[in-house]
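Visitor:
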């Protein structure tokens, strides 16, 4: 099956289909325009997007009366960090930035990809954290820098 465009998004339009198949991607693969994958049901899918926009979780890359093929990310090991003060938030942001560690920050947590060397850093800062698995909804954005 070849697809060249995203036909919708299940999170935005609320598309529901009785025969949904998932293409699971690593979060880095969301930025790729050309991919060849198998769905969770074994269907071979070739994606060659003409649009330059990155894929998003929930994007429908193929749909007909018999099947709907939707993008989602694989579950990945992560650390979820729970700073309990602005000081801890500042220290964690500084330390993660100093290591060029990409992170996702929300109101009450910081999420970073699993890297066992980070645990010592968390202990030094004294921040609460847990190791778990999550599906990323967006790719991390790397910022260019010069040393």
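Numbering (UniProt numbering), first residue to last: 1 to 147. For glycine and all other residues, C-beta sits at the position ideal for the given N, C-alpha and C. Here the structure is a predicted model, which is why all the values come from computation and not from measurement.
(1) Per DSSP, residue 46 forms a beta bridge with which residues?
(2) Note down the Cα distance separating residue 19 from residue 121, rounded to an integer number of angstroms.
(3) Which residue's Cα is closest to the Cα of residue 96: 85, 75, 108, 119?
(4) Going by DSSP, which residues form a beta bridge with residue 8?
(5) Are there 16 or more other CB atoms within 10 angstroms of the CB of residue 94, so buried, or fewer, so exposed?
(6) Tell me, please, which residues DSSP counts as bridged to residue 101.
(7) Can you tell which of 128, 71, 76 has the C-alpha that lies nearest to the C-alpha of residue 37?
(8) Output needed for residue 59: all residues of its chain with C-beta closer than 6 Å, excluding positions within five of it in sequence on either side, in chain order.
(9) Pair every Cβ in the segment 102-113 with every Cβ in the segment 37-57, then say whether three or more of these pairs are closer than 8 Å.
(10) Can you grab the Cα-Cα spacing for the pair residue 2 / residue 51, in whole Å?
(11) Less than 8 Å between C-beta atoms, sequence neighbours within five positions excluded: which residues of the same chain meet that for residue 126?
(12) Going along the chain, which residues of its own chain have a beta-carbon closer than 6 Å to the beta-carbon of residue 33, five neighbours each way excluded?
Guide: In terms of the structure at hand:
(1) By 1-based counting over the chain shown, the position of residue 46 is 46. 2, 36, per the DSSP bridge assignment.
(2) For the purposes of this step, residue 19 is taken as the residue at position 19 of the chain shown. For the purposes of this step, residue 121 is taken as the residue at position 121 of the chain shown. Those two C-alpha atoms are separated by around 46 Å.
(3) Translated into the one-based positions of the chain shown, residue 96 becomes position 96. The candidate whose alpha carbon is nearest that of residue 96 is 119.
(4) The sequence position of residue 8 within the chain shown is 8, counting from 1. In DSSP, residue 8 forms a bridge with 60.
(5) The residue you call residue 94 lines up with position 94 of the chain shown. Burial call: exposed.
(6) Here the question's residue 101 lines up with position 101 in the chain shown. As computed with DSSP, residue 101 is found in no beta bridge at all.
(7) The residue given as residue 37 occupies position 37 in the chain shown. Nearest C-alpha to residue 37: 71.
(8) Within the chain shown, the letter at position 59 stands for residue 59. Cβ within range, chain order: 6, 9, 71.
(9) By the C-beta criterion, the segment 102-113 is judged not to be in contact with the segment 37-57, since fewer than 3 inter-stretch pairs fall below 8 Å.
(10) Position 2 of the chain shown, counted from the first residue, corresponds to residue 2. Position 51 of the chain shown, counted from the first residue, corresponds to residue 51. In this structure, the straight-line span from the alpha carbon of residue 2 to that of residue 51 is close to 15 Å.
(11) The residue given as residue 126 occupies position 126 in the chain shown. For residue 126, where only same-chain residues beyond five positions count, the Cβ hits under 8 Å are 88.
(12) Numbered from 1 along the chain shown, position 33 holds the residue referred to as residue 33. Shown here for residue 33: same chain residues with a beta carbon closer than 6 Å to its own, the five before and five after excluded, namely 49 in chain order.
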